[in-house]
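If you read the sequence shown in the numbering used here, its first letter stands for residue 174, the second for the next number, and so on.
Please read the structure below before turning to the comments.
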Amino acid sequence: MKPNAPVSLTRFLIEQQREKGHINADLRLLIEVVARACKRISIAVGKGALGGVLGSAETENVQGETQKKLDVLSNEILLDANAWGGHLAALASEEMDDPHPIPDRYPKGEYLLVFDPLDGSSNIDVNISVGTIFSVLRCPEGVKNPDEKAFLQPGTKQVAAGYAVYGSSTVLVLTLGDGVHVFTLDREQGSFILTGSNVKIPEDTSEFAINMSNMRHWEAPMKRYIDEMLAGKTGPRGRDFNMRWVASMVADVHRILTRGGIFIYPRDLKDPSKPGKLRLMYEANPMAMIVEQAGGAATTGRVRILDIQPEKLHQRVPVFLGSKNEVERATAYHREADA
Ligand code: AHM
Ligand code: MG
């Protein structure tokens with residue numbers, strides 16, 4: 174092969190296994206299977222109205238959210254793709270109440286896969302980027318039939334994490350715990366090609382992403398942090414800030430990975446029973462691993478996300494992630510207020 178020939182995801186993974194010893198054959202297969210499922214989801218998303226996939230499925234998930242047809246379809250695509258390979262012990266998803274076992278007719282492997290099959294559901298019908306988020310854990314030793322408890326491991330235990338964003342191009346972002354790598358789907362060839370290695374998030378930024386409509390429900394330190402940015406050049410920060418909010422976490426995180434920024438979905442007092450909107454296991458943890466691997470930071474505004482010991486599969490957490498210095502500043506404001 175020519176030295177500058179494009180590196181496919183398959184070649185990248187084989188090199189990670191053979192030369193770096195980072196992954197074994199099962200984890201390689203797992204990532205390839207997830208990537209293949211993302212290609213199928215990307216095709217379904219791309220067909221839009223022509224594929225009859227828009228609109229509501231008229232069912233509710235465990236979070237009490239109405240599922241879209243594409244939420245259900247994407248979940249099925251990931252389940253089917255991962256059932257037979259022998260690399261998984263079980264799966265869990267935003268769209269399913271309980272962990273999903275591997276059918277008895279197939280062999281079981283050593284990994285657990287957790288995913289949000291289609292993140293940004295509110296954007297499906299309006300042709301704005303959506304995506305898939307996934308996290309890979311090891312099945313605890315000796316556990317033959319993993320239940321919810323087997324999944325309740327802190328984010329530091331993830332062996333891999335990634336997301337696919339179905340935007341103007343389809344992009345797969347992956348970390349195996351050794352930097353963050355970006356692959357773009359070559360639609361003619363049908364393969365993911367490496368287009369960014371060891372990407373880094375700038376430590377400083379002048380761009381923030383937050384749903385400002387919730388401002389009246391925020392805690393005081395949260396309000397202080399945003400107020401200071403809104404005050405611009407003449408305020409305490411002495412410079413102007415810009416705002417972006419796609420309302421698809423995958424798209425907002427991808428922008429931050431590309432050019433920096435801070436993404437915040439804080440705890441708010443609209444519904445005090447909920448500690449945040451986003452889910453720890455299949456949204457916050459995989460994104461936190463990616464962001465940290467890219468040199469950024471990820472906290473709940475108080476503690477590091479990856480250190481949280483999960484108590485429930487569908488647990489929610491506040492999320493602050495992105496450019497390190499901004500995440501640290503927002504976190505310091507919360508800690509100061511608590512003290
Ligand atoms: P979803 O998994 O049901 O799509 O919800 C998660 C999404 C995130 O992608 C996004 O950051 C957030 O919800 C947007 O919330 P809001 O509509 O409150 O702005
Ligand atoms: Mg989601």
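For glycine and all other residues, C-beta sits at the position ideal for the given N, C-alpha and C.
Apart from sequence neighbours up to five positions away, the residues of its chain that approach Gly293 with a beta-carbon distance below 8 Å are Ile301, Ser302, Val303, Gly304, Val419, Ala420, Ser421, Met422, Val423, Ala424, ordered along the chain. Under the DSSP assignment, Val355 falls in the beta strand (DSSP E) whose first and last residues are 353–359. When rounded, the separation of the alpha-carbon atoms in Ala230 and Pro290 is 15 Å. By DSSP's assignment, Met416 forms a beta bridge with Phe381.
Classified as buried, Glu465 has 16 or more neighbouring CB atoms from the shown chains inside 10 Å of its CB.
A heavy atom of the ligand AHM is found nearer than 8 Å to the CB of Gly293. The C-alpha of Ser215 lies about 44 Å from the C-alpha of Gly408.
Inclusion of Asp351 and Gln240 in the CB contact set at 9 Å is not warranted, their separation being larger than that value. Closer than 8 Å to some heavy atom of the ligand AHM: that does not describe the Cβ of Glu465. Ser364 sits in a strand when the DSSP states are folded into three classes. Bounds of any alpha helix (DSSP H) do not take in Leu347; it lies within the beta strand (DSSP E) bounded by 343–348. The continuous stretches of beta strand (DSSP E) do not include Asp400, which lies in the alpha helix (DSSP H) extending over residues 393–403. Bounds of any beta strand (DSSP E) do not take in Val476, whose DSSP letter is neither H nor E.
In the displayed model, Tyr506 falls within a helix according to three-state DSSP. Distance from the C-beta of Tyr438 to the nearest heavy atom of the ligand AHM is below 8 Å. Asn371 and Ala208 have their alpha carbons spaced roughly 19 Å apart. In the three-state DSSP reduction, Ala334 falls in the strand class (E or B). With a cut-off of 8 Å, the C-beta of Lys447 is classified as distant from the ligand AHM, since no heavy atom of the ligand falls inside that distance.
Around the Cβ of Ser341, a 10 Å sphere holds fewer than 16 other Cβ atoms; the residue is exposed. Per DSSP, the continuous alpha helix (DSSP H) segment holding Val207 begins and ends at 198–220.
Look at Ala420: its beta carbon is less than 8 Å from one of the heavy atoms in the ligand AHM. The shortest CA-to-CA distance from Trp391 to any of Asp444, Thr348, Ile478 is the one to Asp444. Exposed is the label assigned to Leu442, since fewer than 16 other Cβ atoms lie within 10 Å of its Cβ. Two segments are said to touch when three or more pairs of C-beta atoms, one from each, lie closer than 8 Å; by this definition the region 445–458 touches the region 478–487. In the three-state scheme derived from DSSP, where H, G and I count as helix and E and B as strand, Gly224 is classed as helix. Taken through DSSP and simplified to helix, strand or coil, Val490 comes out as strand. DSSP, read as helix, strand or coil, puts Ser421 in coil.
Taking the Cα positions, Val355 is about 10 Å away from Leu182. DSSP, reduced to helix, strand and coil, places Gln190 within a helical segment of the structure shown. The alpha-carbon of Arg397 is positioned some 24 Å away from that of Arg428.
In terms of side-chain proximity, the C-beta atom of Lys373 is found no nearer than 8 Å to any non-hydrogen atom of the ligand AHM. Assigned with DSSP and collapsed to three states, Leu243 falls in helix.
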